[in-house]
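Everything below concerns the one structure shown next.
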Amino acid sequence: MGIEMRNLKRIAMTVALAPLIMFGSLESKAQPHVHGKGTLFIAQDNSLWQLQFTLPASDIFGFEHRPETEEQKAEVVQRTAKLKNVENLISFSKTCRLVDHQVEIPDEFNVTGINEHNHHKADKHNHHGHNKHDDHGHEKEHDHTDVEIVSTFDCAKALTQIELTIFNSFSSLKTLEALWATNSGQGKLEVSATSPTVAL
Numbered sequence: 024m025g026i027e028m029r030n031l032k033r034i035a036m037t038v039a040l041a042p043l044i045m046f047g048s049l050e051s052k053a054q055p056h057v058h059g060k061g062t063l064f065i066a067q068d069n070s071l072w073q074l075q076f077t078l079p080a081s082d083i084f085g086f087e088h089r090p091e092t093e094e095q096k097a098e099v100v101q102r103t104a105k106l107k108n109v110e111n112l113i114s115f116s117k118t119c120r121l122v123d124h125q126v127e128i129p130d131e132f133n134v135t136g137i138n139e140h141n142h143h144k145a146d147k148h149n150h151h152g153h154n155k156h157d158d159h160g161h162e163k164e165h166d167h168t169d170v171e172i173v174s175t176f177d178c179a180k181a182l183t184q185i186e187l188t189i190f191n192s193f194s195s196l197k198t199l200e201a202l203w204a205t206n207s208g209q210g211k212l213e214v215s216a217t218s219p220t221v222a223l
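With our numbering applied, the sequence shown closes on residue 223, and no number is skipped along the way.
The following block contains the structure:
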């Protein structure tokens with residue numbers, strides 16, 4: 024019964040997020056891929072809050088291709104571990120409890136089976152319609168990969184703001200386009216390291 028209820032709630036959150044994700048996708052298609060800029064979708068379903076980050080892999084790992092050296096592989100492992108600690112991304116009210124946290128990285132960065140038990144694939148933006156990098160360098164510069172993170176919280180009280188700590192963890196990331204749909208309304212805001220608060 025508990026598992027079934029959680030699945031139903033997850034479906035409800037997905038439905039709540041859908042218009043935001045569609046709107047964000049349409050906007051991103053109208054604009055060129057920009058390093059240093061990601062998106063954050065926030066949805067509320069009563070006490071449940073879900074946050075979905077979409078971040079350029081280059082800002083998370085420092086490069087946007089399959090790790091080629093042991094140092095790069097170690098960097099991927101270290102930075103993925105940072106992503107798995109939600110405190111490196113956001114600072115939430117103490118009345119909230121983390122109930123689910125999924126980190127999805129592009130397959131070419133998956134050096135240790137990180138995505139093995141996860142369910143959602145990270146997005147890839149490829150202007151040539153290919154699913155994988157080939158051996159030609161000029162293809163790589165047009166093939167952009169994203170890291171996706173989905174966190175779900177159960178909050179005893181409605182949130183009025185969310186503090187983002189991700190800018191401290193990944194200094195290459197400069198701004199996030201935040202879009203939200205809550206019980207009290209919808210909104211959109213650009214947040215940055217100098218202004219990291221989303222007021223809901």
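Virtual Cβ for every residue (Gly too), placed ideally from N, Cα, C. From a predicted model like this one, the values you see are computed outputs, not experimental measurements.
{"query": "What's the C-alpha gap between residue 123 and residue 73?", "result": "9 Å"}
{"query": "Quick one: using the 10 Å Cβ neighbour count with 16 as the cut-off for buried, is residue 222 buried or exposed?", "result": "exposed"}
{"query": "Can you list, in chain order, the residues of its chain whose CB lies under 6 Å from that of residue 89, leaving out five sequence neighbours each side?", "result": "131"}
{"query": "If I follow the unbroken beta strand (DSSP E) through residue 211, where does it start and stop?", "result": "208-215"}
{"query": "Answer yes if the stretch 169-176 comes into contact with the stretch 85-101, meaning at least three C-beta pairs across the two stretches below 8 Å, and no otherwise.", "result": "no"}
{"query": "Relative to the alpha-carbon of residue 129, which residue among 119, 186, 65 and 84 has its alpha-carbon at the smallest distance?", "result": "84"}
{"query": "Given residue 105, which residues of its chain have a CB within under 7 Å of its CB, disregarding the five upstream and five downstream residues?", "result": "111 and 192"}
{"query": "Verify whether the separation of the beta carbon atoms of residue 66 and residue 181 is less than 8 Å.", "result": "no"}
{"query": "Go ahead and label residue 61 buried or exposed: buried means 16 or more other beta carbons lie within 10 angstroms of its beta carbon, across all protein chains shown.", "result": "buried"}
{"query": "Under a Cβ-count criterion, where at least 16 other Cβ atoms within 10 Å of its own Cβ denotes burial, should residue 184 be classed as buried or exposed?", "result": "exposed"}
{"query": "Is it right to say residue 57 is buried, meaning 16 or more other beta carbons lie within 10 angstroms of its own, or is it exposed?", "result": "exposed"}
{"query": "Going by beta carbon distance, what residues of the same chain come within less than 8 Å of residue 188, once the five residues before and after it are set aside?", "result": "110, 111, 112, 113, 114 and 219"}
{"query": "Would you list, in sequence order, the uninterrupted beta strand (DSSP E) runs of no fewer than 3 residues that lie entirely inside the stretch 87-138?", "result": "119-127"}
{"query": "Suppose contacts are defined by Cβ-Cβ distances below 8 Å. Is residue 198 in contact with residue 213 by that definition?", "result": "yes"}
{"query": "Going along the chain, which residues of its own chain have a beta-carbon closer than 6 Å to the beta-carbon of residue 195, five neighbours each way excluded?", "result": "82"}
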